[in-house]
Amino acid sequence: MSGVRHLTVGPDEADQRLDRFLRRHFPHLQQGRIEKMCRKGELRVDGARAKASTHVEPGQVVRVPPIPAEGQERDEAPKRRITDAQAEMIRDCVIYKDQHLIALNKPPGLATQGGTGQDVHLAMLADALTFEREEPPRLVHRLDRDTSGVILLARTGRAAAALAKAFQSRETEKIYWAAVAGAPKPRRATIRYGLVKMGGAGAEKMRCIHPDAVKETEGAKRAVTDYTVIDQMAQRAAWVALRPVTGRTHQLRAHMAEIGNPIVGDGKYAGNSTTNEGDGWGAQLGGAVSRKLHLHARSLEFDHPLERGRLVLTAPLPEHMARTWAMFGWREADAPEDPFSEDEA
């Protein structure tokens, strides 16, 4: 086992995730060990604690604790190999590909990254998306495990850096489709509740905070969501388009629950509303409607990171949502091209 190392990030390693940077230097290092070293504070970038997803820049120094040589690992499971069926499945999800990026229609139930109980995830399956390249593409943003739809992977470091900047500066236009319980009123509005983690750091569930109380609430962050109703099934359910102006964890789910119209199939946030006064339908509609989450990243519009032109990528609904749409008589073809345009108001 080697001692502590200090690795300087080179010019050709710009804007790589820390875990990928480490695996370039230590190919046998498993993801579980990397995340464990991060949790324990053993991995540091310029002296500061870091996450596996932290992006490193040229000139930064990464402190690496002693690492067992290849074949000496005792507490890490062997790297899971992608099966032929898994490789075929993820390749079938490709909806766009060029020399710089790949876009997928992520299926519901597939986590984007590994974690507790996540043996199969998109970051792992990316090894099946190399095509003519040697290196697998890298994730540049995330979707919740149970959310389906458009997700981007960069095939080069330059593309990854450009796309990361575009997402951080809100230069991308994201529209989600959802089926919600009840019929939101008004039919078009902006939700401005702030969000704070319930249970403190590391917690996953978010709690809504009145906009006026965000600055005074420790850990709370401003959050803004536009929504518009595209169609509805009487007062039982509605098809809504959602546009996240900010990008907070579980923002769309928490916001819709807070106004009394939780997303269908959302067991985490249903019943958490403080505004429906018991009049909500709950997150399960019953009958033949699937109990899976009905939230789908329908489209993503952005400037191509390295070529001229604007890309608009659209993903068809997953099977369980398509069945619900058919049951309620909602047709994808009837949706406005831009549900948030003034003409549709």
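Residues in the sequence shown are numbered consecutively from 420, following my numbering. Idealized CB from N, CA, C, for every residue including glycine.
#1: Thinking C-alpha only, which one of His-425, His-474, Ala-602 is nearest Glu-461?
#2: CA-CA distance, Gly-697 and Pro-663?
#3: For the ligand FMN, is there a heavy atom less than 7 angstroms away from the beta-carbon of Thr-665?
#4: Under a Cβ-count criterion, where at least 16 other Cβ atoms within 10 Å of its own Cβ denotes burial, should Glu-432 be classed as buried or exposed?
#5: Leaving out the 5 sequence neighbours to the left and right, which residues in its chain are closer than 6 angstroms to Ala-752 when beta-carbon positions are compared?
#6: So what's Thr-694 in DSSP terms, helix, strand or just coil?
#7: With distance defined between alpha-carbon atoms, name the residue in Lys-459, Ala-467, Ile-486, Val-423 nearest to Arg-442.
#8: Compute the beta-carbon to beta-carbon distance between Val-559 and Leu-541, rounded to the nearest angstrom, for a pair I have assumed lies under 8 angstroms.
#9: Once DSSP output is grouped into helix, strand and coil, what is the label at Lys-593?
#10: Look at Val-648 and Arg-606 and say whether their C-beta atoms are less than 8 angstroms apart.
#11: When you compare the CB positions of Met-740 and Ala-598, do they come within less than 8 angstroms of one another, or not?
#12: Please list the terminal residues of the continuous alpha helix (DSSP H) segment that includes Thr-743.
#13: Looking at the secondary structure, which residues open and close the alpha helix (DSSP H) in which Phe-440 lies?
#14: Does the Cβ of Thr-566 have 16 or more other Cβ atoms within 10 Å, making it buried, or fewer, making it exposed?
#15: Give me whichever residues DSSP pairs with Lys-787 in a beta bridge.
#16: What does a CB cutoff of less than 8 angstroms around Asp-722 pick up in its chain, not counting 5 residues either side in sequence?
#17: What residues are listed by DSSP as bridge partners for Glu-720?
#18: Rounded to the nearest angstrom, what separates Gly-429 and Gly-451 at their Cα positions?
#19: How would you write the range of the beta strand (DSSP E) that Gly-568 sits in, first residue to last?
#20: Specify the secondary structure class of Asp-503 as computed by DSSP and reduced to three states.
#21: Kindly indicate which three-state DSSP category Leu-448 falls into: helix, strand or coil?
#22: Between the alpha carbons of Asn-695 and Gly-528, how many angstroms are there, rounded?
#23: Quick check: what's the CA-CA separation for Ala-689 versus Ile-628?
#24: Which class does Tyr-670 belong to by DSSP, given the choice of helix, strand or coil?
#25: Measuring alpha carbon to alpha carbon, tell me which of Asp-538, Thr-502, Gly-533 ends up nearest Arg-561.
#26: Mind checking Met-543: buried by the 16 CB within 10 Å criterion, or exposed?
#27: Along the chain, where does the beta strand (DSSP E) that runs through Ala-578 open and close?
#28: So, Arg-710 versus Lys-687, is the Cβ gap smaller than 8 angstroms?
#29: Using 8 angstroms as the threshold, is the region 711-718 in touch with the region 546-558, meaning 3 or more CB pairs across them?
#30: Tell me whether Ile-486 sits in a helix, a strand or coil according to DSSP, three-state version.
#31: Reducing DSSP to helix, strand and coil, say where Ile-453 ends up.
So, from the data block:
#1: His-425
#2: Residue confidence for Gly-697 is low, a pLDDT of 36 falling below 50, so the modelled location carries little weight and cannot support an answer.
#3: This structure simply doesn't include the ligand FMN, nor any ligand for that matter.
#4: buried
#5: none
#6: With a pLDDT of only 38 at Thr-694, under 50, the local geometry of the prediction cannot be trusted, and no value is derived from it.
#7: Ile-486
#8: With a Cβ gap of about 12 angstroms, Val-559 and Leu-541 do not count as contacting.
#9: strand
#10: yes
#11: yes
#12: 738-747
#13: 437-444
#14: buried
#15: It is not possible to answer for residue 787, since the shown part of the chain is limited to 420 through 764.
#16: Ala-585, Glu-590, Gly-728, Arg-729, Leu-730
#17: Glu-592, Val-731
#18: 25 angstroms
#19: 567-573
#20: helix
#21: coil
#22: A caution first: Asn-695 carries a pLDDT of 39, below 50, which makes its placement in the model unreliable, though a value can still be read off. Rounded to whole angstroms, Asn-695 to Gly-528 spans 29 angstroms at the Cα level.
#23: 17 angstroms
#24: The question names Tyr, but residue 670 in the sequence shown is Gln. It is helical.
#25: Gly-533
#26: buried
#27: Looking at the DSSP string, Ala-578 is not in any beta strand (DSSP E); the run it does join, the alpha helix (DSSP H), is 576-587.
#28: no
#29: no
#30: coil
#31: helix
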